[in-house]
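Peer 1: The letter at position 115 of the sequence shown is residue 175 when you use my numbering, and the numbering goes up by one with no holes.
Glycine included, C-beta positions come from ideal geometry on N, C-alpha and C.
Input: one structure, supplied below.
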Amino acid sequence: MDTTQRTEQQRSADRRRRELLEAADRVVLRDGPGASMNAIAAEAGITKPILYRHFGDKGGLYAALAKRHTDALLSSLRAALDAPAERRERVEATLDTYLSAIEARPQVYRFLMHPAEGAPSDQTFDVGKHSAPLLRRMGEELAQVIEERLDLGPGSHQLARVWGHGIVGMMHAAGDWWLGERPCSRAELVRSLADLLWGRLAAAGDKAGGPGF
């Protein structure tokens with residue numbers, strides 16, 4: 061098989077995978093954590109064995125959808141951090157970007173962060189195994205941004221990781237509570253979380269030669 065043929069086959073496989081993920085997205089938007097492999101296969105116009113051939117099982121499909129949505133969210137968060145604005149405005153914009161994303165697609169959020177909610181009683185789904193890596197990835201990405209942009213003095217690498225994972229944990233816990241109870245407006249929550257973060261963030265200087273924070 062020549063290189064051109066292999067490349068075309070890979071493109072075809074990638075395209076088919078995107079189509080299946082888009083079908084899965086539609087079902088997740090409708091059914092949330094209750095989205096089943098049967099429903100996704102039907103939406104895609106294929107049999108369940110073919111779906112299994114592409115993703116293995118629900119865990120494999122979950123991982124593929126999680127990467128798809130996490131990539132998009134991280135891209136939006138980076139854009140908020142890179143916006144031409146004062147630091148406090150960018151902090152609030154970043155918090156608001158995360159909260160607006162989970163508010164806009166609550167069924168997707170529940171599928172990613174509370175996948176066990178929709179599982180039949182005889183089918184267990186390891187929530188920590190699947191959702192915790194998403195938060196860890198976001199924490200590491202934010203830690204890298206912090207380390208690149210802020211002068212945190214001695215031990216900056218470790219402190220940046222503490223801050224990165226701490227901020228993501230705060231956003232996740234507060235956002236999860238807020239999405240379920242809606243005790244205040246999104247703008248009020250953003251301001252309150254920014255106030256909590258602001259003391260040390262306001263005091264830290266930009267890293268010399270970096271893009272600024």
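Quick check: the region 104-116 against the region 77-95, are at least 3 beta-carbon pairs closer than 8 Å?
Peer 2: yes
Peer 1: Consult DSSP for residue 210 and reduce its assignment to one of helix, strand or coil.
Peer 2: Here the question's residue 210 lines up with position 150 in the sequence shown. Residue state, collapsed to three classes: strand.
Peer 1: At the level of alpha carbons, what is the spacing between residue 263 and residue 71?
Peer 2: Residue numbering aside, residue 263 sits at position 203 when the sequence shown is read from its first letter. Residue numbering aside, residue 71 sits at position 11 when the sequence shown is read from its first letter. Looking at the two C-alpha atoms, the distance is approximately 49 Å.
Peer 1: To which residues does DSSP link residue 265 through a beta bridge?
Peer 2: Here residue 265 is taken as the residue at index 205 of the sequence shown, counted from 1. For residue 265, which the question treats as bridged, DSSP gives the partners 211.
Peer 1: Using three-state DSSP, classify residue 117 as helix, strand or coil.
Peer 2: Within the sequence shown, the letter at position 57 stands for residue 117. Residue 117 falls in the coil class under three-state DSSP.
Peer 1: Between the region 230-245 and the region 133-146, can you find at least three pairs of beta-carbon atoms closer than 8 Å?
Peer 2: No contact exists between the region 133-146 and the region 230-245.
Peer 1: Compute the Euclidean distance between the alpha carbons of residue 229 and residue 105, then round it to the nearest angstrom.
Peer 2: To locate residue 229, count along the sequence shown from 1; it is residue 169. To locate residue 105, count along the sequence shown from 1; it is residue 45. Spanning the two alpha carbons is a distance of roughly 39 Å.
Peer 1: Flag this pair as yes or no: are the beta carbons of residue 253 and residue 121 separated by less than 7 Å?
Peer 2: As a position in the sequence shown, residue 253 is number 193, starting the count at 1. As a position in the sequence shown, residue 121 is number 61, starting the count at 1. Not in contact: residue 253 and residue 121 (Cβ atoms no closer than 7 Å).
Peer 1: On the premise that residue 199 lies in contact with residue 224, defined as a C-beta separation below 8 Å, what is that separation, rounded to the nearest angstrom?
Peer 2: One-based indexing of the sequence shown puts residue 224 at position 164. One-based indexing of the sequence shown puts residue 199 at position 139. Rounded, the Cβ-Cβ distance is 5 Å, consistent with contact.
Peer 1: Distance check for residue 197 and residue 98, CA to CA, integer angstroms please.
Peer 2: Position 38 of the sequence shown, counting from 1, holds the residue named residue 98. Position 137 of the sequence shown, counting from 1, holds the residue named residue 197. CA-to-CA, the gap between residue 98 and residue 197 works out to about 30 Å.
Peer 1: Measure the CB-CB distance between residue 219 and residue 167 and report whether it falls below 7 Å.
Peer 2: Within the sequence shown, numbered from 1, the residue matching residue 219 stands at position 159. Within the sequence shown, numbered from 1, the residue matching residue 167 stands at position 107. No, these two residues do not count as a Cβ contact at 7 Å.
Peer 1: Where does residue 130 sit, in a helix, a strand or coil, going by DSSP?
Peer 2: Sequence index remark: in the sequence shown, residue 130 carries index 70 (1-based). Of the three classes helix, strand and coil, the one that applies to residue 130 here is helix, per DSSP.
Peer 1: The alpha helix (DSSP H) with residue 273 in it runs from where to where?
Peer 2: Taking the first residue of the sequence shown as 1, we reach residue 273 at position 213. If you look at residue 273, you'll find it isn't in any alpha helix (DSSP H); DSSP assigns it neither H nor E.
Peer 1: Report buried or exposed for residue 238, applying the criterion of at least 16 other Cβ atoms within 10 angstroms of its Cβ.
Peer 2: The residue labelled residue 238 in the question sits at position 178 within the sequence shown. With 16 or more Cβ atoms within 10 Å of its Cβ, residue 238 is classed as buried.
Peer 1: Where does the unbroken alpha helix (DSSP H) through residue 166 begin, and where does it stop?
Peer 2: The residue given as residue 166 occupies position 106 in the sequence shown. Run containing residue 166: 166-173, per the alpha helix (DSSP H) assignment.
Peer 1: Out of 134, 64, 66, which has the shortest C-alpha to C-alpha gap to residue 194?
Peer 2: The residue given as residue 194 occupies position 134 in the sequence shown. The candidate whose alpha carbon is nearest that of residue 194 is 134.
Peer 1: I'd like the span of the alpha helix (DSSP H) that includes residue 216, first residue to last.
Peer 2: Start at 1 with the first residue of the sequence shown, and residue 216 comes out as number 156. Its alpha helix (DSSP H) spans residues 216-241.
Peer 1: Using only the alpha-carbon positions, how far apart do residue 245 and residue 64 sit?
Peer 2: Along the sequence shown, one-based indexing puts residue 245 at 185. Along the sequence shown, one-based indexing puts residue 64 at 4. Each residue's Cα considered, the two are about 54 Å apart.
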